[in-house]
Each structure stands twice: as structure tokens, then as C-alpha cells.
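The next block holds one structure in the form of C-alpha cells; read it before the comments.
Number of protein chains: 2
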Amino acid sequence: MILINGQPDNRIPVTDRGLQYGDGLFETLAFRHGKLEYLNAHLQRLMRGCERLGIGFADRDKLEVELATVCAQTAEDSVIKIMITRGSGGRGYKAPKEAEPLRIISSHPMPDYPESCQQGITVRLCQHRLGINPGLAGIKHLNRLEQVLARSEWEDDNIREGLMLDINNRLVEGTMTNLFMVHNGQLITPAIDENGIEGVMRAEVIKLAGRLDIPVKETALTLTDLKQADEIFLTNSIIEIWPVTHVLDTDLHWPHGTLTRRLQSELRQAER
Amino acid sequence: MILINGQPDNRIPVTDRGLQYGDGLFETLAFRHGKLEYLNAHLQRLMRGCERLGIGFADRDKLEVELATVCAQTAEDSVIKIMITRGSGGRGYKAPKEAEPLRIISSHPMPDYPESCQQGITVRLCQHRLGINPGLAGIKHLNRLEQVLARSEWEDDNIREGLMLDINNRLVEGTMTNLFMVHNGQLITPAIDENGIEGVMRAEVIKLAGRLDIPVKETALTLTDLKQADEIFLTNSIIEIWPVTHVLDTDLHWPHGTLTRRLQSELRQAER
């Protein structure tokens, strides 16, 4: 089911600035066991993104009603995607003052990942590098060509994710996930200041670690740091936590380690 | 008039990856005196962009027929915009193998710039910086949030353009134009290797300078270089060449100089 500004539809105006310039934001939520998980965190990030881009989106209440409508039509566990664009505007980068933001809510099948992903996955290193762009770092905007190009590098679905370096050799994230490493009992995750997305699950894991008295550091990471890691895992709202046990074509191997197991177990029991 | 895959229409599927990820390219052409100017150069850049993004667009012939159809419906001088997206695909960055690229052609009123722009304009320096992204540099893709944010910094239409620095303080381009400076009879323009768009008019001016035996250098530029310039001008396919005579809130002033005048005059007479 797709709702566009509250109406069932599956097309948008060609004049929409989401299409013309990627002028908008999105969120990807898990709808599981009849619940939209981490709804408030997702909507808060969406509002922060609107603020960063200067999109005057004021319809959070409407959006929540429409999310409920879509979810009511959704029998099974699903992925719910929200997009907010700046709306339609004439040709040219200048946004018209009268632009009315467009809201799109769609439901999608939950990906059929094998249960074994919870015990460990193989990833690869992407050739395509992330750029450096502090002005857009953190937010989940619609300018996602870097991820599209990185994800186009492999076909084999047994390689579950690709890790991305940036042009300064900083290890930033996966194409669709945030990255964590465990080192000497500490949790370390790349800082999201020059590029990367501030994932909702990333924030949840950081909060959870705080409650469990596990120290967390956000900092610049490189491949050398990865080599010294005791455990590695990836996060997003759909997969939650996937341990990484191998990087393809390297001698990098890690166990499905104690701290990752503990976080997975605690996360399963946590309020969402 | 808008043609989408050859049919008059004004809406696209919400599943189109142009909307979902900015996964596509565009061109902006001038239709003047019954002619689509620099058509071959635009289509060649479009094809190079498709190749860079791995979009298997093979319908150049169809596109040319459709452009002729749109232009035949267009009585006055107009701006013709072409968009090519990767087409519709499921949720997720991975592009489906079977994606059929979407072609959109639309006509728009020619902007009503005053004649005085040909003698000189005032520009401003944008706060928003361009990122560094060699993997996407040069091509005219649909990830244009940087330009949207920079263009949102001012309202006064008497300020005709904003110049953009990148995060390393390199002066790269205007929000919708390429930049040239004249220094000691030489033409200097920012290299398009780390960011920026390889403009069709930029290439035409470089070719024209070659024919006129004016030396051209493509290199990294900074604000300091700008201060030493004898003349400055901006280019794009719609405005052609606009001399810059002042940068707002600075003591930077330049004349509508001899070399700029010569290029404007020669360009008016050149084959297009």
C-alpha cells in the first residue's frame, strides 16, 4: 500500500523536487509483531533532517495517522518507508516559498534474510568511496548515489553487505548499515561528522551500551583499526545487529563474540 | 509539455529510483530561434553520465525524436530539460537488473533575465560548501542538495548567482554556472576533478578559446586567485556568458573586460 499526502496512489508529479534534485528525506522502519519499531526515534530524525534542509514540514500528526492506516492494511511483518520531499517547484535550484512538502508512505515485504545472519555474515570492501560533506553528514536525505554505486559492485547475495571507506581512507559505514567494533571491552563506532548516516539503530545501540555500562567511543576509524578489533557488527532498523565474521578476500576474521551476543540479547528484550 | 517515455504525462511512479535515490541524470538545453542549442554536446554528456552511473540507457534515437516532438510544440524560446533515471526498482540500493531507464523531457519558459546581465552581474559567496567527491565529480546527476542549500541562502533576485567554495576552500563554481577568470590574457577555470559539474557551455568556451589562441588552464582556484583576476565570468547553456563585476559584501570589483567581451561576441557568431 502507498499513501501520498494521505491518498492511496502510486505516482508523484514529475515537478516534485524529490525527483528533480533529491530534495528530501526518508526513513525505513520495521513493522514487526503489529508495532512500528522505534517510531519516535525515526520521526525525530526525520524532523531534524527537515530542519537541516529547511523543509517546512509541519504535518507530523497527519503522518502518524497515515502510518497507522498503512500498518492497519499490513497483515505481516513489513518494512515501512517514509519519504518527505520539499514538494513541487519550478525549474531551478531555488525552492519556491509556496512549496508544499510531499509525504509518501509505502509498505514493502520484510527482506528474507537467513537466520544465520544473526550469527555472522561475510562482507566485502567497496571500491566506491564516500565523499566528504559535513553539510549533509548524518541526515538520511535522498541524495544516495554513493550507496547505489557501492551496492552495484557485487551480485552474490551471500555477501550481505559492503563496507565503505571515504576518500580520506576513513572507514565510515556499510552501504545500508552503521558499523561498530569491539576493542578491549569498549564499543567504537565511526564519527558521523564528515559523511555517513546517523542510524536510528546505531543510536539505540549506543543508548543500550550506556545502560549496560559499556564504554562507547565515536571517532575516526581506518582499516588498521578494523584489524585490531575483537568483534565487529553492523546495525540498521531492519536487521538490528549482524555480527561480521569475515571480510571477503582478506584474512580478516572475527568470532560472533561475547559483547555482540550480549547486545543482541539485550536489544531483543528492550522496549522499541 | 512533458513527455515521459514518449507519452504526454506529468507523473512518474513513486518507485522510480530517480525519486528514491536521485539515481539519474539531467540536462538543461536552450531552445532558441527554433534550434536546440549544443544538442550533440548535451547528449554526449548525458551518455557519459549514464556510463559513469552504470545506467544502461540505449534510447538516444528515441530521445532525439521525442525532443523534436516537444520542440515542435514549443512556439517561443524555451528551456528544455531532459532527465534520465535508472527506472523503477524495489526498495534497497541494489539496482534491479531488469530496470528500464525512464526518460523525461519537459519544456519551461526561458528565464526573463534583464539584458544588463550580459554587461555584468553581482554575485555573492555562499556559506554552504561543496563536498569532495571524485566518484561523482563532473557529471550532472540528480543528487543536487548542495546546490539547493546554497541557492536557499538568498532571496534578492538582483543577486544573480552565488559562488561556491568547497570544504578545502577551493573555489569551484556557481550554484548553476561554471566559473572562469582572466589573468594576464590567460583563461583559468577550476578543475572538475573533486566536485563540480562539467558544463556544456564551459566546454564550448574552452573550445572557442582554443580557436582564438587564448591559453586556457584548468586548475585548483581559491579566493586569493579571484582577487588577482583581471576579469571574471560565469557560463551555462541558458545564460551563455555573464561577466561578474562585483562580489557582494566585498571590495571585489572587475570590469566587463576585453577578453570577456571578445568571447561573448565570438560565441554569438559560433555554430551551436
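For the protein sequence lines, the chains are A and B, in the order given. The letter at position 245 of the first sequence is residue 244 when you use numbering that gives the first Met the number 0, and the numbering goes up by one with no holes. The letter at position 162 of the second sequence is residue 161 when you use numbering that gives the first Met the number 0, and the numbering goes up by one with no holes. Cβ atoms here follow ideal geometry from the backbone N, Cα and C, with glycine treated the same way.
Status (buried if at least 16 other CB within 10 Å, exposed otherwise) for PRO108/A: exposed
Residue span of the alpha helix (DSSP H) that contains MET48/B, given as start and end: Note on identity: in this sequence residue 48/B is Gly, with Met being the wrong assignment. Note, GLY48/B: alpha helix (DSSP H), 38-52.
Any chain A beta carbon closer than 8 Å to VAL147/B: yes
Secondary structure, alpha helix (DSSP H): runs of 4+ residues fully inside the segment 68-121 of chain B: none
Within-8 Å CB hit, ASP22/A to chain B: yes
Option nearest ASN167/A by Cα separation, candidates THR176/B, GLN72/B, ASP8/B and GLY130/B: GLY130/B
Assigned secondary structure, ARG10/B (DSSP; H/G/I helix, E/B strand, else coil): strand
Buried or exposed by the 16-neighbour rule on C-beta atoms within 10 Å, applied to HIS252/A: exposed
Contact between the segment 49-62 of chain A and the segment 84-104 of chain A (3+ Cβ pairs under 8 Å): yes
Where the alpha helix (DSSP H) through THR257/A begins and ends: 257-268
Simplified DSSP assignment, three categories, for LEU233/A: strand
Contacting positions in the segment 49-77 of chain B - beta carbon closer than 8 Å to chain A: LEU52 and GLY53
Test item: CB-CB of ILE138/B and LEU262/B under 8 Å: no
Start and end residues, beta strand (DSSP E) containing GLU26/B: 23-31
Proximal chain A residues relative to SER87/B, where beta-carbon distance stays under 8 Å: Simply none; closest approach about 10 Å.
C-beta atoms of CYS125/B and GLY161/B nearer than 8 Å: When the beta-carbon positions are compared, CYS125/B and GLY161/B come within less than 8 Å of each other.
Unbroken beta strand (DSSP E) run spanning LEU2/A, endpoints: 1-3
Every unbroken alpha helix (DSSP H) inside the segment 118-150 of chain B [4 residues or more]: 144-150
Cβ neighbour criterion (16 or more within 10 Å) applied to GLY227/B: Residue identity differs from the one stated: residue 227/B is Gln in this sequence, not Gly. Flag for GLN227/B reads exposed.
CB contact below 8 Å: ILE104/A versus chain B: no
Secondary structure, alpha helix (DSSP H): runs of 4+ residues fully inside the segment 150-231 of chain B: 199-210 and 222-226
Of the residues ASN9/A, GLN146/A, GLU270/A and VAL69/A, the one placed nearest ASN194/A, counting alpha carbons only: GLN146/A
Three-state secondary structure (DSSP) of LEU35/A: strand
PRO254/A - containing beta strand (DSSP E), residue span: Neither: PRO254/A is in no beta strand (DSSP E) and is coded neither H nor E.
ILE240/B, enclosing beta strand (DSSP E) - first and last residue: Unbroken beta strand (DSSP E) run through ILE240/B: 239-246.
Buried versus exposed call for THR176/A [16 or more other C-beta atoms within 10 Å across all chains shown]: Within 10 angstroms of the beta-carbon of THR176/A lie 16 or more other beta-carbons, which makes it buried.
Distance CB(PRO189/A)-CB(VAL204/A) smaller than 8 Å: no
Rounded C-alpha distance that separates LEU135/A from GLU65/A: The alpha-carbon atoms of LEU135/A and GLU65/A are separated by roughly 28 Å.
The segment 70-82 of chain A contacting the segment 16-36 of chain A, beta-carbon criterion three pairs below 8 Å: With the cut-off at 8 Å, the segment 70-82 of chain A and the segment 16-36 of chain A touch.
Contact list for VAL13/A against chain B, beta-carbon separation under 9 Å: Simply ILE1, ILE3, ASP8, ASN9, ARG10, ILE11, MET82, ILE103 and SER105.
THR249/A versus ILE158/A - alpha carbon distance: Between THR249/A and ILE158/A, the C-alpha separation is close to 14 Å.
Stretch pair the segment 254-261 of chain A + the segment 214-226 of chain A: three plus CB contacts closer than 8 Å: no
Below-8 Å beta-carbon distance, ASN177/B vs any chain A residue: The beta carbon of ASN177/B sits no closer than 8 Å to any beta carbon of chain A.
Sequence-distant residues of its chain with Cβ nearer than 8 Å to LEU266/A (five each side left out): GLU203, VAL204, LEU207, GLU239 and ILE240
Any C-beta of chain B under 8 Å from that of ASN157/A: no
Rounded separation between LYS338/A and GLY21/A - CA only: Nothing about residue 338/A can be read from this structure; chain A reaches only from 0 to 271.
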